[in-house]
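If you're matching them up, the sequences are chains P and B in order. For what it's worth, the numbering used here labels the leading residue of the first sequence as 93, then goes sequentially. For what it's worth, the numbering used here labels the leading residue of the second sequence as 93, then goes sequentially.
2 protein chains.
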Amino acid sequence: MIRIFIADDHMVVRRGLKQILLEEFPSAHIEEGADAEILLKKVMKEEWDVIITDLSMPGRSGMEALQQIKLHYPKLPVLVLSGHPEEQYAIRVLKAGASGYLNKESAPEELVKAVHRVLLGKKYITPSIADQLILGLDKDNEKLPHEYLSDREFEVFKLISSGKSVSDIATQMSLSVTTVSTYRARILEKMNMKTNAQLTIYSIENKLL
Amino acid sequence: MIRIFIADDHMVVRRGLKQILLEEFPSAHIEEGADAEILLKKVMKEEWDVIITDLSMPGRSGMEALQQIKLHYPKLPVLVLSGHPEEQYAIRVLKAGASGYLNKESAPEELVKAVHRVLLGKKYITPSIADQLILGLDKDNEKLPHEYLSDREFEVFKLISSGKSVSDIATQMSLSVTTVSTYRARILEKMNMKTNAQLTIYSIENKLL
DNA sequence: GTTTAATGTAGTATTTGTACTACACAAAGG
DNA sequence: CCTTTGTGTAGTACAAATACTACATTAAAC
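(1) Nearest-angstrom Cα distance between P:K167 and P:G192?
(2) Give the DSSP-derived three-state secondary structure of P:H121 in the structure shown.
(3) Comparing C-alpha positions only, which one of P:L212, P:S220, P:L280 and P:R209 sits nearest to P:L326?
(4) If you measure from the beta carbon of P:M136 to each beta carbon in chain B, is any gap under 8 angstroms?
(5) P:T292 touches chain B at which residues, Cβ-Cβ below 7 angstroms?
(6) Report the CB separation of B:T145 from B:V170 in whole angstroms; it is logged as a contact under 8 angstroms.
(7) Nearest chain B C-beta to P:D141 closer than 8 angstroms, yes or no?
(8) Provide the residue(s) that pair with P:I161 in DSSP beta bridges, ordered along the chain.
(9) Consider the Cβ of P:S254: report whether some Cβ of chain B lies at a distance smaller than 8 angstroms.
(10) In whole angstroms, what separates the C-alpha of B:M283 from that of B:H208?
(11) Around the C-beta of B:D127, are 16 or more other C-beta atoms found within 10 angstroms, so that it is buried, or is it exposed?
(12) Using a C-beta to C-beta distance shorter than 8 angstroms, which residues of chain P count as neighbours of B:A198?
(13) Indicate the three-state DSSP secondary structure (helix, strand or coil) for P:G255 in the structure shown.
(14) So the beta strand (DSSP E) B:N298 belongs to, where does it begin and stop?
(15) From P:T263 to B:S257, what does the alpha carbon distance come to, in whole angstroms?
(16) Can you tell me whether P:K187 is buried or exposed, with buried defined as 16 or more other CB within 10 angstroms of its CB?
(17) Tell me the residue span of the beta strand (DSSP E) that contains P:S174.
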């Protein structure tokens, strides 16, 4: 009998997952919890074959939970489910030891396939994530994106993130507006982003702001 | 036989909702769609007893869909489901004609109760939202800055916060760029801010993003 | 029940920002 | 050594955004 634990703060999501899984594994024993706390407690106390967890949950995040689990039970497979289509986190999650990274939009079959693979002790990687992995192979991705910026770029990055206008920055740094704009373009390119807002959000998330 | 239409971009959520509803209304006819487009098409073409829709969906937002529906079928009850725990949007959504505002975290029983009430042509208001409504009644009870924004302003506010460009917003809302820019100016004025980045930061802090 | 303030909308003129291109110089790689 | 590659810098031509102004329509206040 397969024992699956589901952690997600949204009731409906838990229901949906359970439903999808039960259709494929009618005899599975499935339990659920609403946050990372419960997840960790359950993992410590009982034995499971697969953990399926959301990334964004109240309190301790899914990422932290994942790290905890991997620390104590490196062989317990964890499938991470994310609400955001962005595969930004995917690589980090996988590096942290997750057996797969899935999106909530993805088809149920995808989930089922992932669980099957994971039960065999294998990893489940979607094609789009595989692409990213290959792209990032030779780069050492210990580094955060902003760590690749040059000195000048980083300065401009901080100022733009905090909402300064390009012309203000130009004045402040005694540069031409176009120069600052060029830096901005290089920053966005290097960080693989498109808007200033993304920079702001990034800065907040990484406690740079 | 009850006819329910579910609109949500996350497959798992649709599954969960369907499951919960079928347990209570085994004979219900339930269909689903992944975005506002499909929702609107379905509403136009067929008859439904209840619509359950998410707020944040790709493309046209749930809010817009709600307004469209209410314009053409004022009596068709729409239950709005939101991923954000904060009831920030609740009041706006209800004002726009929704019959209820639910959170994805809420218990299935809550959803079921809501559907029951809504089928009777009544509104479903959770206690916490009721509180907010009462608070809003007498004067400006410590309202948050963004609550002073008008509907249009609020829409633009969200889009700007998330990093959309003024011209993109104009296209999306079928308005002139200058109009959107005017809204932006009014938003900044009302919220006593100066830059888009501040709006982004505010949105993150207040869990609107 | 009229005056006033708020809301939804846009045009014109101007300011601000960007893409593209360019170049010098330093560092790195072969 | 030479030759890429990365960095710091800016001009020109074009695109995007804004300030200001304006007006019709509601909603609110008196």
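Ideal placement from N, C-alpha and C gives every residue a C-beta, glycine not left out.
On the basis of the coordinates in this document:
(1) Cα atoms of P:K167 and P:G192: separation of roughly 14 angstroms, rounded to the nearest angstrom.
(2) If DSSP states are grouped into helix, strand and coil, P:H121 belongs with the strands.
(3) The structure shown has nothing for residue 326 of chain P, since chain P only spans 93 to 301.
(4) Taking Cβ atoms only, chain B never reaches closer than 8 angstroms to P:M136, which makes this a no.
(5) In chain order: A289, T292 and I293.
(6) Contact flag correct, Cβ pair sits at about 6 angstroms.
(7) No - not a single Cβ of chain B is within 8 angstroms of the one on P:D141.
(8) In DSSP, P:I161 forms no bridge with anything.
(9) So yes, P:S254 belongs to the interface.
(10) Distance between the alpha carbons of B:M283 and B:H208 is about 39 angstroms.
(11) B:D127 comes out buried.
(12) Looking at the sequence itself, residue 198 of chain B is Ser, so the reference to Ala does not match. Here the neighbours are M103.
(13) Here P:G255 sits in coil by DSSP.
(14) Where B:N298 is concerned, there is no enclosing beta strand (DSSP E), because DSSP gives it neither an H nor an E.
(15) Rounded to the nearest angstrom, the two C-alpha atoms are 24 angstroms apart.
(16) Counting other Cβ atoms within 10 Å of its Cβ, P:K187 stays below 16 and is therefore classed as exposed.
(17) From DSSP, the beta strand (DSSP E) with P:S174 extends over V170 to S174.
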